[in-house]
Amino acid sequence: SSSASGNESSEGKVSSNHGGASLTGEAQKPEVKETGGDGQLKGSKRAKVQRQKEKRRLRKEQAAKAAKDEESILDEARARAENERMQREDPAFISYEEAQQVLAMMDKWREL
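Counting in the working numbering, the sequence shown runs without a single skipped number right up to 117 at its last residue.
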C-alpha cells in the first residue's frame, strides 16, 4: 500500500506542474488532477476555457435580464404608486388590483 500512496503523491506533483503554466491560479482546482495523460489535459484545458467563456456569456445575459426585470418591477411600482395617489384624490378611481380582477372576470364572461 505504501507504493500506491507514493504513486499518488508523484501524480499530484505532475498535475500541479502543468498548472504552473497557468497564471490565473486555477491549476489548484481538482479539475486538472482528474484528467489522465498529457493529451487529455490539453483537451480538457480547451474545454475548460470554453466553459469559462460560456459562463461569462451567461453571466452577462443574466445581468442584462436582471436589469430589465428590475426596470419592469420599478415601472410596476411607479404605476402602483400613481394608482394609489389617484385613488386618494378620486374615490371613483379603481385600483390596479381591482382593474386586473375586473379584466379577468370579463375574460371569463367572454368564454361563457
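Glycine included, C-beta positions come from ideal geometry on N, C-alpha and C. Model, not experiment: these values are computed from the prediction.
Option in the options with minimal Cα separation from residue i
| i | options | result |
| --- | --- | --- |
| Ser100 | Asn88, Met111 and Met110 | Asn88 |
| Glu81 | Glu102, Ala52 and Glu66 | Glu102 |
| Gln105 | Glu75, Leu79 and Arg85 | Arg85 |
Span of the alpha helix (DSSP H), counted from its first residue to its last, around residue i
| i | result |
| --- | --- |
| Ala104 | Tyr101 to Glu116 |
For residue i, the three-state DSSP class (helix, strand or coil)
| i | result |
| --- | --- |
| Ala97 | coil |
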